[in-house]
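Protein chains in written order, with our numbering: chain A, 98 to 376; chain B, 98 to 376; chain C, 98 to 376; chain D, 98 to 376. For each residue, glycine too, the CB sits at the ideal point set by N, CA and C.
There are 4 protein chains.
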Amino acid sequence: MCPIMGNFKGHALPGTFFLILGIWWTTKCILKYAFKKHKRTSYLDSKVLFHRVEILEGIIIAGMALTGMLGEQFIPGGPHLTLYDYKEGQWVQLPGWQHFTMYFFFGLLGVTNILCSTIRSLPASFTKLMLANALFVEGFVFYNHTHGREMLDIFVHKLLVLVIFLTGLIAFLELFILTNVTVELLRISFFLLQGSWFWQIGFVLYPPSGGPAWDSVDHDNVMFLTICFCWHYAIAIIIIGAIYAFVTWLVKSRFKRFCPSEVGLLKNAEREQESEEEM
Amino acid sequence: MCPIMGNFKGHALPGTFFLILGIWWTTKCILKYAFKKHKRTSYLDSKVLFHRVEILEGIIIAGMALTGMLGEQFIPGGPHLTLYDYKEGQWVQLPGWQHFTMYFFFGLLGVTNILCSTIRSLPASFTKLMLANALFVEGFVFYNHTHGREMLDIFVHKLLVLVIFLTGLIAFLELFILTNVTVELLRISFFLLQGSWFWQIGFVLYPPSGGPAWDSVDHDNVMFLTICFCWHYAIAIIIIGAIYAFVTWLVKSRFKRFCPSEVGLLKNAEREQESEEEM
Amino acid sequence: MCPIMGNFKGHALPGTFFLILGIWWTTKCILKYAFKKHKRTSYLDSKVLFHRVEILEGIIIAGMALTGMLGEQFIPGGPHLTLYDYKEGQWVQLPGWQHFTMYFFFGLLGVTNILCSTIRSLPASFTKLMLANALFVEGFVFYNHTHGREMLDIFVHKLLVLVIFLTGLIAFLELFILTNVTVELLRISFFLLQGSWFWQIGFVLYPPSGGPAWDSVDHDNVMFLTICFCWHYAIAIIIIGAIYAFVTWLVKSRFKRFCPSEVGLLKNAEREQESEEEM
Amino acid sequence: MCPIMGNFKGHALPGTFFLILGIWWTTKCILKYAFKKHKRTSYLDSKVLFHRVEILEGIIIAGMALTGMLGEQFIPGGPHLTLYDYKEGQWVQLPGWQHFTMYFFFGLLGVTNILCSTIRSLPASFTKLMLANALFVEGFVFYNHTHGREMLDIFVHKLLVLVIFLTGLIAFLELFILTNVTVELLRISFFLLQGSWFWQIGFVLYPPSGGPAWDSVDHDNVMFLTICFCWHYAIAIIIIGAIYAFVTWLVKSRFKRFCPSEVGLLKNAEREQESEEEM
């Protein structure tokens, strides 16, 4: 077993990372959508802002991936960049190298993000392509990851692979067809699901309370985790809904404060609608 | 086994629900299409009508889902909101919780339907997204539902999962591509199929005549149910065809009665066509 | 075994039907494409012609499906519309009913074809929808058709199911996206493949020479049939290519004969291109 | 086993072919994209150039496929166009015929490439269709190729089939939807992966050092090859990135040299961007 990932923290850390990324993308995506709706007012130069934010995002993703790659290699017990032990005639720390590979592709995503934001001649869809690649590689590695484990362990990882592939599939389809906010939020909701499912795996296989892991041959546990997976997704949807409501309210209130007269007439229609909403 | 679903009524009820929903959606979809064709006459403010109807639809779906959720929890023998029995060290009524989860997602669909109809800033495709989600969750739960059952039981549920996933797939694809009436009717035909297949499952596993269930290891039964599934689909298509003919005739006859002079000239072309049709 | 289909003729007949249909559709599709290219000349009222041809096509398909349905029921040894033998307590002639079901869906395709050609208010994509349905039903029935047979028998039917599903998939995708001639020819090439593969199945399982069937456990036979399947497809492509060349040449030569002066100027560019082609 | 393919060279040769093809297509695709961006200057008649290049490409592909087909047939130990040995009552050299079939479909691709470039009335998407066909046939044959082999051998071929099907899938989807440069580069990156994976298979199964093949039942080897596959893909991405940078730089520098005054004003914006890039 890998010394990093094979414990509770090793699952909570990527989980937290994906959750934060997901919440951040939700906010960004809804902000963009709200700004587009209110585009007649240009008091906030949102384009330049988003541009800088993209670069920052790329740097953070690349930085975290680099940290992950170095961490996997140089922690005590890690492979220390050795791939094959010729003395023993066996591979060194393959799970560590697997995680290294996944981090590497997320690093590529970060680098592409930076490059696409700075070099305007690069098509913006390169970022989406690298996202799909990073996800498919992650799913592919996890799919070939569970050899010889027990039923429950395999099942929770299968569900993880399912959500990763679904996310990758949507990112892949977005390459072909013009993106709309609904599809983007769907993709992000799967990101949140992946994040919280990492936490769930940690709780199932390495309970932080120090108790024993769940009974890995009891089929009732599998049935419960099936339901639990759906609940995680329901929570992801509710989080996105809450962020949607909050961001939309924030943007509206700021627009009203800054330029009440200019937009006033057009806002009447929306106010009626809001009063309808309160009913 | 779950105390609600594990009998004939437990399959006939959701079946009836899906059948009614399917027939209603067929009517709505064809009405919209017919109105769009006759859009030059605006004597019926169809937009406002459809708007109110959508809200009503959302309320009914949400209400039925809530009833289902409460029913699953508080019937005698239900889980009564307890998830884990710490005394016995086992999960409480997992099938009940599974059905609860499915109802919950259909409830989310209802709520989204209401919100998208009342708040105009919300993209209308959110409803379709929640429909796809509700269907995929339903399919996912049913897929992990049949552990340890017998061949025939598994087979009929597999076909159910097949039709649920197909419906979800179409709803998912509709997120990416502009919907046309053909795709919408295809999706609805799968809804009707799902509804009538629930009835078929009830007849196969819990014959209402009180006789024994079908022989669950006889392969001939599997072969018959394969054909039977296709026949259900054929009936769904024929029902949709009948509704199509009826609604189109109704819209045409009402248009003629209300505004015969205005549309008269344009109708000549159609009359020729109708006479051609009668040949 | 079914009394009709379980011999060489039972496979050669549908094979011939699909081959004729495929060749006819190839011709129609390429004719339409060639006419669209030459649309500036309207000496041939192609629209009306194609319209009548569609109706004829629908009548032929519906007629052949009806013949097939009646044939399956009333041949000696057929089910004669009895589904369940209550005396013996078993299903009557299920393979016969399976073929009946397939023919029924192709009958629906024919009827839809006629209706969509005569009633202009019906969306033209209904025909494509019914084609996809007929193919998916055919594939679904064949998929559940091979229980308890031998390896080679299962393998050749698997390949049949593969090509049927691929054809259905393309017809399904055509519902969503505007069709172009390439996609249409791809779908038709799979039709030709299906037709010739029916013949191949007949030769493998019921050699018309009267000799024994092929050794059904020799893996070399499976390997050869894998290659053979590709060759059938290559032949389908070559047939389509030949029809393409012939039809294009025919249309060009007729255009030249009928209206040499009118099109003359525009033709020069094409002639240059042709001389380039001869090089 | 096939006398040609069953050694290191037999895998290195197609690998090299795919690598060269992939690198060439990358260059062509990026050149086209760069030229489109700079289309205001027409000093280089790029259309005519690309047209001739396409014909050359088709001739080379068809020529290599023909060489492969003849080579498979007439090398010592090859089938010499005999398919069935009636004396022995067995098929002759089926693997050789399998490779022959694959080459044949790539030959069809080459011929279509030539025809579509010379005859303007042919839709350009025919080339893409034949590419998808060639890839699906290749994947289909390889999928049915590994019967009775050992675990590691099957696993490396499964990965090969995976990448071939992915490439074919993208080519297939490109038939339906307008291609952009991102999707095209994605498809080409899979071509490079296929090429380098052929080399990897050669190294794993027939080590050129003359040592023994890898232990085919050690699961660690499977785990390593999983990672290795991802690394190959990472290298393919990096190669494409390097070609992208080089070609873009080349086109820019040539544009500057040939017409510095004309483009000067418009270039300022790009220079700013480049200085941003250097930061």
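From Val301 (chain C) to Leu180 (chain D), what distance separates their C-alpha atoms?
-> 16 angstroms
Determine which residues of the segment 139-163 of chain C have a Cβ less than 8 angstroms from any Cβ of chain B, and write them out in chain order.
-> none
State the CB to CB distance for the pair Ile274 (chain B) and Phe233 (chain C), rounded to an integer number of angstroms; the pair is presumed to be in contact (CB under 8 angstroms).
-> Going by Cβ atoms, the distance from Ile274 (chain B) to Phe233 (chain C) rounds to 19 angstroms, so no, they are not a contact pair.
Start-to-end residues for the alpha helix (DSSP H) that takes in Arg246 (chain A) | Neither: Arg246 (chain A) is in no alpha helix (DSSP H) and is coded neither H nor E.
What three-state label does DSSP hand Tyr130 (chain D) in the structure shown?
-> helix
Local Cβ density within 10 Å of His108 (chain A), reported as buried at 16 or more and exposed below that | buried
Pick from D:Val344, D:Met227, D:Glu151 and D:Gln195 that is closest to Thr124 (chain D), judged by C-alpha positions | D:Val344
Stretch-stretch touch, CB-based, cutoff 8 angstroms, three pairs: the segment 253-262 of chain C with the segment 326-343 of chain B = no
Taking 9 angstroms as the CB-CB cut-off, is Tyr330 (chain B) touching chain C?
-> yes
Nearest CA to the CA of Trp294 (chain B): which residue from B:Phe147, B:Ala331 and B:His242?
-> B:Ala331
Three or more beta-carbon pairs under 8 angstroms between the segment 211-226 of chain C and the segment 284-298 of chain C, yes or no?
-> no
Would a C-beta distance cut-off of 9 angstroms place Leu93 (chain B) and Asp317 (chain A) closer than the cut-off?
-> Residue numbering for chain B in the displayed model covers 98 to 376; residue 93 (chain B) lies beyond these limits and cannot be assessed.
Bridge partners - Trp188 (chain A), DSSP secondary structure assignment = A:Tyr181
Residues in its own chain within less than 7 angstroms of Glu271 (chain C) by CB, not counting five upstream and five downstream?
-> Lys225 and Val280
Kindly confirm or deny that the segment 244-256 of chain D and the segment 201-214 of chain D touch, where touching means at least three C-beta pairs closer than 8 angstroms.
-> no
In chain order, what residues of the segment 303-319 of chain C put their CB closer than 9 angstroms to some CB of chain D?
-> Asp315, His316, Asp317, Asn318 and Val319
Between the CA atoms of Lys144 (chain D) and Phe105 (chain A) - distance to the nearest angstrom | 59 angstroms
Applying the criterion that 16 or more other CB atoms from any shown protein chain within 10 Å of the CB defines a buried residue, is Gly299 (chain A) buried or exposed?
-> buried
Per DSSP, what kind of secondary structure is Pro220 (chain A) in: helix, strand or coil?
-> coil
Using the C-alpha atoms, what's the distance from Ala229 (chain A) back to Met227 (chain B)?
-> 23 angstroms
Inter-residue Cα distance where the pair is Lys134 (chain B) and Phe321 (chain A) | 50 angstroms
Helix, strand or coil at Tyr377 (chain B) according to DSSP, with G and I counted as helix | Within the shown structure, residues of chain B are numbered from 98 to 376, placing residue 377 (chain B) beyond reach of any answer.
Return the first residue and the last residue of the alpha helix (DSSP H) that Ile285 (chain C) is part of.
-> Val278 to Leu302
Would you kindly work out how many angstroms separate the C-alpha atoms of Glu369 (chain B) and Gln195 (chain B), rounded to a whole number?
-> In this predicted model, Glu369 (chain B) has a pLDDT of only 41, less than 50, meaning its place in the structure is not dependable enough to derive any value.
Given that Asn210 (chain D) touches chain C, what residues does it touch there, using C-beta distances under 9 angstroms?
-> Within chain C, no residue comes near Asn210 (chain D); the closest Cβ sits about 14 angstroms away, beyond 9 angstroms.
Contact with chain D by Val260 (chain A), beta-carbon distance below 9 angstroms = no
May I have the straight-line CA-CA distance separating Tyr130 (chain D) from Leu118 (chain A), to the nearest angstrom?
-> 32 angstroms
Taking Cβ positions, are Ile158 (chain D) and Phe203 (chain D) nearer each other than 9 angstroms?
-> yes
Best match in A:Glu169, A:Asp250 and A:Ile120 for proximity to Gly338 (chain A) [C-alpha to C-alpha] | A:Ile120
So what's Val258 (chain B) in DSSP terms, helix, strand or just coil?
-> helix
What is the DSSP secondary structure of Ile274 (chain B), counted as helix, strand or coil?
-> coil
What residues from chain D crowd round Gln195 (chain A), counting only those whose CB sits closer than 7 angstroms?
-> Ile324
For Tyr303 (chain D), I'd like the list of residues in its chain whose CB is within less than 6 angstroms of its CB, leaving aside the five on either flank, ordered along the chain.
-> Asn104 and Phe105
Tell me whether the beta-carbon of Thr113 (chain D) lies closer than 9 angstroms to the beta-carbon of Gly292 (chain D).
-> yes
Rounded separation between Ile148 (chain B) and Ser214 (chain B) - CA only = Here the sequence assigns His to residue 148 (chain B), which means Ile is not the residue at that position. Roughly 6 angstroms separates the two Cα atoms.
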